[in-house]
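In the order they appear, the protein sequences are chains A and B.
With full-length UniProt numbering applied, the first sequence corresponds to residues 1 to 264, in that order.
With full-length UniProt numbering applied, the second sequence corresponds to residues 1 to 350, in that order.
Structure, as structure tokens:
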Amino acid sequence: MLSAYTDFIRIRFLTMLAYRVNYYSGILIYMLNIGVYYFTWQAIYGDRGEIGGFTASQMTTYIAVSWMARAFYFNNLDREIANDIRDGSIAIQFIRPYNYLFVKMMQGFGEGLFRFTLFMIPGMLLALLLFPVRLPSDPAAWIGFLVMLFFSFLINSQLNILTGLMAFFVENNEGMMRMKRVIVDLFSGLVIPISLFPGWLSSIMQWLPFQAITYLPGSVFTGRTQGTGILEVFGIQLIWFFGLLIPIFFMWRAARKRLFVQGG
Amino acid sequence: MNAIEVEHLSKVFKVQKNRGGLKGALQDLFSRQYNEVAAVNDISFSIPAGEICGYIGENGAGKSTTIKMLTGILVPTSGRLNVGGYVPHEEREKFVRNIGVVFGQRSQLWWDIGVIESFGLLRKVYGVPENDYKKRLDELVQRLDLGELLSRPVRKLSLGQRMRCELVAALLHNPSIVFLDEPTIGLDIIVKTEIREFLKDMNRQHGTTILLTTHDLQDIEALCSRVIMLDEGRVIYDGGLDTLKTRWGQGTRVTFQFGTACPLARLRALTEGVDISWTADNDLHAEALVPGGLNVSDVLARVVGQTDIPITDIKITETTTDEIVRQIYRTGSAAADPGTGTESGRNSHA
Numbered sequence: 001m002l003s004a005y006t007d008f009i010r011i012r013f014l015t016m017l018a019y020r021v022n023y024y025s026g027i028l029i030y031m032l033n034i035g036v037y038y039f040t041w042q043a044i045y046g047d048r049g050e051i052g053g054f055t056a057s058q059m060t061t062y063i064a065v066s067w068m069a070r071a072f073y074f075n076n077l078d079r080e081i082a083n084d085i086r087d088g089s090i091a092i093q094f095i096r097p098y099n100y101l102f103v104k105m106m107q108g109f110g111e112g113l114f115r116f117t118l119f120m121i122p123g124m125l126l127a128l129l130l131f132p133v134r135l136p137s138d139p140a141a142w143i144g145f146l147v148m149l150f151f152s153f154l155i156n157s158q159l160n161i162l163t164g165l166m167a168f169f170v171e172n173n174e175g176m177m178r179m180k181r182v183i184v185d186l187f188s189g190l191v192i193p194i195s196l197f198p199g200w201l202s203s204i205m206q207w208l209p210f211q212a213i214t215y216l217p218g219s220v221f222t223g224r225t226q227g228t229g230i231l232e233v234f235g236i237q238l239i240w241f242f243g244l245l246i247p248i249f250f251m252w253r254a255a256r257k258r259l260f261v262q263g264g
Numbered sequence: 001m002n003a004i005e006v007e008h009l010s011k012v013f014k015v016q017k018n019r020g021g022l023k024g025a026l027q028d029l030f031s032r033q034y035n036e037v038a039a040v041n042d043i044s045f046s047i048p049a050g051e052i053c054g055y056i057g058e059n060g061a062g063k064s065t066t067i068k069m070l071t072g073i074l075v076p077t078s079g080r081l082n083v084g085g086y087v088p089h090e091e092r093e094k095f096v097r098n099i100g101v102v103f104g105q106r107s108q109l110w111w112d113i114g115v116i117e118s119f120g121l122l123r124k125v126y127g128v129p130e131n132d133y134k135k136r137l138d139e140l141v142q143r144l145d146l147g148e149l150l151s152r153p154v155r156k157l158s159l160g161q162r163m164r165c166e167l168v169a170a171l172l173h174n175p176s177i178v179f180l181d182e183p184t185i186g187l188d189i190i191v192k193t194e195i196r197e198f199l200k201d202m203n204r205q206h207g208t209t210i211l212l213t214t215h216d217l218q219d220i221e222a223l224c225s226r227v228i229m230l231d232e233g234r235v236i237y238d239g240g241l242d243t244l245k246t247r248w249g250q251g252t253r254v255t256f257q258f259g260t261a262c263p264l265a266r267l268r269a270l271t272e273g274v275d276i277s278w279t280a281d282n283d284l285h286a287e288a289l290v291p292g293g294l295n296v297s298d299v300l301a302r303v304v305g306q307t308d309i310p311i312t313d314i315k316i317t318e319t320t321t322d323e324i325v326r327q328i329y330r331t332g333s334a335a336a337d338p339g340t341g342t343e344s345g346r347n348s349h350a
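Okay, structure coming up:
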């Protein structure tokens, strides 16, 4: 059975590989994004030394690594699940002796592996050439970042699963999926680091899972969080990962009862 | 032993009611109204192991909903279910290892990968040992003639090729109960025949229990000794196909084509005293319906040979299952005919 789950990772990886040309343009778009934010922040900083606890050079590194992390953790599990529900092919998933959500997670991971090796790493190398990005010298920062990056993927996928499953309860969750994407990009600190949010908003963010996706791993990579601080922020990720399993469990159970296979 | 047991099974869906007009749409935004629709309404039946049973009914009669409850996809609103010793929706993961399902309208193969890779993945999903898998796959590939299709991606298969692959995918783990939801939909006659032959052989060799829904009654005639007929969520007939035919068959239809005009009255006069009903579209064409008990030759003897009625063509047709079923759908009940009880049919095939 376990080998079946790893097969889902392998097959998704190979399928993505077959469509890899699509991702070359993706790298370009991400570079453009990094460029836009880089020059915007350059202008904002001028000759100021520090904004919201970030030096100009930390900000550049933060932008680059945040976008490249997104290149890895991003996936369309929400859309895939919603489509399965809407066109009724979810029925096929129920006649198989496996857990649908676990399979989706595995497929997401297969996609993640592809994105990591063929999107994130070459993208990061390109970013290093184009922008003054400073890589951490502390091995703890590297290890902490990579482990946390994996949990970014898990937490982001969990949010995607929750959004996708909403298709069981509302007729059309398209709006919800779009809203989720904007919220994750904004509140995870991808667009603006959370420490730059107004005080009240950044204190709300402390209690939401989004910071665990981009902001916390980014802080480790830029060296703003060091030593035992790394374990602390990793702890926050762990809490969110286990915490999000609860709503998924209940939503899945409710969905099983509500299931209405579209199209007969 | 019964492979499938169903008692007082019901499934009620809540369907959102849409009020008309702008005002109605606004009202719907704030308070939704729902209609309750019983897709399956208190049905009971049992299917012994090793039987091929046809499950028929019009669109929306509740066939697919029943199949989805029997396969553990849907949770019933009420009633008892037992399939192969399991309550499907309660022990879903264990239960589905023992069944095979084919939905004619949905593919269960992975679209982007090769057929053989899909099979390999299913082998792992079902935990079939390598040796059993090889043997089973060889047997199926040979039987369904899939040889050169195996390496192709699913999206490049024709419907007939895909359907044969779907069958293999559903049967790789050698299930003892197989559900087929419109397995021959959209297929040409050659593939249809092939699939029917294959299913019959499988039933004979492995004693597989098969429940089959279809709109093609030829599937039923070729495969099933028993049919369950559904209308508006209720079972309206459950029994042997032969019983259905003898009770509901309207006898034989004799169609005449005349060389010169022959009024209906003249024909009626000729068959005076015999229980035959005549119908005609025009004077050159007439149809006689001969009830079951009568001999067709009696009718022919009276009409043929009359010198003033030159007959250019005669056609004799038996009432087909299609016609019988259409007739039953129209009246909405098969029990209306005394003697065509549910019980008699069920007992006739045990």
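Just so it is clear, CB atoms sit at the ideal spot from N, CA and C, and this is done for glycine as well.
Find the nearest neighbour of residue i within the set the options, judged by alpha-carbon distance.
i, options, result
"A/Ala69", "A/Arg79, A/Tyr98, A/Thr117", "A/Thr117"
"B/Gly100", "A/Phe94, A/Phe102, A/Gln226", "A/Phe94"
"B/Asp308", "B/Cys262, B/Leu294, B/Asp281", "B/Cys262"
"A/Phe210", "A/Leu126, A/Asp47, A/Ile239", "A/Ile239"
"B/Thr312", "B/Ile116, B/Gly259, B/Leu300, B/Glu91", "B/Gly259"
"B/Asp98", "B/Thr71, B/Arg106, B/Leu223", "Reading the sequence as shown, one finds Asn at residue 98 of chain B and not Asp. Answer by Cα proximity: B/Thr71."
"B/Arg106", "B/Cys53, B/Gly21, B/Val154, B/Gly114", "B/Val154"
"A/Val182", "A/Leu149, A/Ser202, A/Phe153, A/Leu159", "A/Leu159"
"A/Val36", "A/Thr228, A/Val191, A/Gly108, A/Phe249", "A/Val191"
"B/Gln306", "B/Gly24, B/Lys124, B/Gln108, B/Leu267", "B/Leu267"
DSSP state of residue i, grouped into three classes?
i, result
"A/Tyr19", "coil"
"A/Trp207", "coil"
"B/Arg19", "coil"
"A/Pro139", "helix"
"B/Ala61", "coil"
"A/Asn173", "coil"
"A/Phe250", "helix"
"B/His206", "helix"
"A/Leu259", "coil"
"B/Glu139", "helix"
"A/Asn131", "Checking the sequence shown, residue 131 of chain A turns out to be Phe, not Asn. Coil, per DSSP."
"B/Phe256", "strand"
"A/Ile121", "helix"
"A/Phe197", "coil"
"A/Thr214", "coil"
"A/Phe74", "coil"
"B/Thr312", "strand"
Are residue i and residue j close, meaning C-beta to C-beta below 8 Å?
i, j, result
"B/Leu172", "B/Leu211", "no"
"B/Arg234", "B/Asn59", "no"
"B/Thr213", "B/Tyr55", "yes"
"A/Arg12", "A/Glu111", "yes"
"B/Val296", "B/Val227", "no"
"B/Ser176", "B/Thr209", "yes"
"B/Phe119", "B/Leu137", "yes"
"B/Ala38", "B/Leu230", "no"
"B/Asp181", "B/Val102", "yes"
"A/Leu58", "A/Thr222", "The amino acid at residue 58 of chain A is misidentified as Leu; the sequence shows Gln. Going by C-beta atoms, A/Gln58 is nearer than 8 Å to A/Thr222."
"A/Gly26", "A/Phe131", "no"
"A/Pro193", "A/Tyr215", "yes"
Buried or exposed, going by whether 16 or more other CB atoms sit within 10 Å of the CB of residue i?
i, result
"B/Lys11", "buried"
"B/Gly207", "exposed"
"B/His89", "buried"
"B/Phe30", "exposed"
"residue 354 of chain B", "Because chain B is modelled from 1 through 350, residue 354 of chain B falls outside the range shown and cannot be assessed."
"A/Ser157", "buried"
"B/Gly339", "Only weak support exists for where B/Gly339 lies, its pLDDT of 41 falling under 50; the coordinates are left without a value."
"A/Asn172", "exposed"
"A/Tyr24", "exposed"
"B/Glu36", "exposed"
"B/Ala336", "Low confidence applies to B/Ala336: its pLDDT is 46, below 50, so where it sits in the model is not reliable enough to give any reading."
"B/Arg164", "buried"
"B/Arg19", "exposed"
"B/Pro129", "exposed"
"B/Thr243", "buried"
"A/Thr163", "buried"
"B/Asp219", "buried"
"A/Ala91", "buried"
Q: Entirely within the stretch 274-300 of chain B and at least 3 residues each: give me those beta strand (DSSP E) ranges in chain order.
A: 277-282, 285-290
Q) Of all the alpha helix (DSSP H) runs that stay within the bounds of the stretch 38-125 of chain B, which reach a length of 4 or more residues? A) If you keep only unbroken alpha helix (DSSP H) runs of at least 4 residues inside the stretch 38-125 of chain B, you get 63-70, 92-95.
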